[in-house]
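3 is the number of the first residue of the sequence shown in our numbering; add one for each residue after it. For glycine and all other residues, C-beta sits at the position ideal for the given N, C-alpha and C.
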Amino acid sequence: MKIAVIGAGKWGQALYSALKINNNCVISSRTKRDIDGFVSLSEALKCDYLLFAISTQMTDEFLRLNFKSNNQKILVASKGIDTASGEFLHEIYSKFAPSNNLAFLSGPSFASEVIQKLPCALVISSQNMELAQIWASAFPGFIKPYISDDVIGAEICGAYKNVIAIAGGVCAGLGLGQNARASLISRGLVEMARFGEHFGAKSDTFLGLSGAGDLFLSASSELSRNYRVGLGLASGEKLDKILADIGEVAEGVATAKAIVQISQQKAIYTPIATQVVDMLGGKDAKEALRDLLKRR
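In structure tokens:
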């Protein structure tokens with residue numbers, strides 16, 4: 003397969019390093035990078051197979067300015083919900099390409115471990131099972147791909163787990179212990195599933211790699227950027243400084259706001275996400291914890 007990875011951050015580079023093992027693969031981004039196999043954006047977008055690993059909050063603008071559909075087969079490797087519009091990624095991409103040409107990557111996967119070729123399992127979701135299988139065949143042996151038709155479920159899992167990961171970092175930063183972390187993660191899974199149920203997601207998705215798998219990973223490790231945001235909030239640091247120190251996009255920050263906006267509009271109960279948004283806005287982490295414990 004001739005594959006172009008669009009987006010040369012850590013995740014894009016990790017997927018590029020994996021996919022080029024068995025495929026003719028190039029990588030590109032709006033900013034030139036000193037990477038072997040880097041090509042111009044215009045050249046990359048001519049490929050028949052495109053993997054997008056760009057920030058969710060920049061996706062709509064990027065596609066409007068740069069992308070023209072020519073029957074390319076697309077795998078979306080980003081996670082999140084657009085804050086400005088409240089749109090899920092499949093809704094954004096469907097404005098620019100046929101839904102039958104879209105697939106979405108999810109599951110527990112830190113970029114640093116993919117680059118080291120450590121084993122992991124991922125899920126490729128699409129309404130087109132043939133396309134999902136084609137993308138699955140592109141991955142090397144150390145990555146085990148599963149396929150699913152629950153696009154919205156996988157998207158909500160990938161977005162929501164970043165929000166719970168921020169809460170997980172707060173929990174660790176406050177020194178609340180393992181019992182508290184287990185409680186937080188399990189209740190976070192319930193909250194994710196409740197949110198997903200409203201949009202018709204399948205319950206099994208939340209118990210699988212896209213849901214529980216990715217959540218357990220992101221909400222319990224300092225390799226997660228969103229977890230590190232939570233650690234910073236627990237120590238009383240300002241959000242701007244936390245993000246500057248991380249130096250990369252932490253999608254959970256914007257996604258938390260989008261989730262709370264949606265939950266308020268649709269009357270979905272999301273107490274953890276609500277407290278995360280309040281902490282991102284400056285609420286003291288210990289006060290947020292007290293409010294969570296006091297709820298009915």
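Nearest-angstrom Cβ-Cβ length linking residue i and residue j, presumed shorter than 8 Å
i	j	result
Phe54	Ile76	7 Å
Ile126	Ala138	5 Å
Ile158	Phe197	6 Å
Ser205	Ala214	So it is not a contact: roughly 11 Å between Cβ atoms.
Ser31	Ala10	4 Å
Ser114	Gly160	Not quite, the Cβ-Cβ distance comes to about 18 Å (not below 8 Å), so this is no contact.
Ala252	Ala287	At roughly 16 Å, the Cβ-Cβ gap does not stay under 8 Å, so Ala252 and Ala287 are not in contact.
Leu65	Phe98	5 Å
Cys1	Ala182	The question about residue 1 has no answer, for the chain in this structure spans 3 to 298.
6 Å CB neighbourhood of residue i in its chain, flanking five on each side removed
i	result
Asn130	Asn102
Leu233	Gly171, Gly175
Asn26	Lys4
Tyr51	Met3, Ile5, Lys75
Gly39	Val28, Ile29
Glu250	Arg227
Thr61	Ile94
Of the residues the options, the one placed nearest residue i, counting alpha carbons only
i	options	result
Gly82	Lys22, Trp137, Asn228, Ser150	Asn228
Leu294	Ile117, Arg189, Thr85	Arg189
Pro110	Phe218, Lys240, Leu241	Phe218
Ala86	Val116, Glu63, Gln74	Glu63
Tyr1	Leu235, Lys285, Gly283, His200	Nothing in the structure corresponds to residue 1, since the chain is present only between 3 and 298.
Lys240	Ala269, Lys285, Asp216, Ile264	Lys285
Thr58	Tyr95, Cys49, Pro147, Asp242	Tyr95
Glu45	Met60, Lys70, Asn24, Thr61	Lys70
Buried or exposed (CB count within 10 angstroms, at least 16 for buried), residue i
i	result
Pro100	exposed
Gln277	buried
Lys163	buried
Asp36	exposed
Glu132	exposed
Gln118	exposed
Gln267	exposed
Leu282	buried
Arg230	buried
Ala184	exposed
Gly179	exposed
Asp84	buried
Gly210	buried
Leu104	buried
Ala156	buried
Asp216	buried
Cβ of residue i within 8 Å of any chain D Cβ
i	result
Asp293	Considering every chain present, this structure includes no chain D. It has just one protein chain.
Cutoff 7 Å; reference residue i; Cβ partners in own chain excluding five residues on either side
i	result
Asp280	Ala290
Ala79	Trp13, Leu17, Leu53, Phe54, Ala55, Leu107
Asp152	Ser127, Ala203, Lys204, Thr207
Val165	Gly254, Thr257, Ala258, Ile261, Ala275, Val278
Ile145	Ala20, Cys122, Leu124
Gln135	Ile149
Leu225	Phe112, Ser114
Ser223	Tyr229
Gly88	Ala260, Gln263, Ile264
Val41	Val28, Ser30
Asn72	none
Arg297	Pro273
Asn24	Ala140, Pro142
Pro147	Leu124, Ile126, Ala138, Phe141
Residues near residue i in its chain [Cβ-Cβ closer than 8 Å; skip 5 each side]
i	result
Ala169	Leu186, Gly190, Ala221, Gly232, Ile274, Gln277, Val278
Leu43	Ile8, Ser30, Ser31, Arg32, Asn68
Val116	Ala16, Leu17, Ser19, Ala20, Cys122, Ile145
Leu120	Phe144
Leu34	Looking at the sequence provided, one finds Lys at residue 34 rather than Leu. Within the same chain, Lys34 has close Cβ partners Phe40.
Gly177	none
Cys49	Lys4, Ile5, Ala6, Val28, Gln74
Near the ligand ATP: residue i beta-carbon under 7 Å from a heavy atom
i	result
Gln267	In the structure on display, the ligand ATP does not appear, and there are no ligands present to speak of.
Worksheet entry | Meets three-Cβ-pair contact criterion under 8 Å: the stretch 17 to 36 and the stretch 140 to 153 | yes
Fill in: contact_flag[the stretch 240 to 248, the stretch 191 to 208] where n(CB pairs < 8 Å) is 3 or more
no
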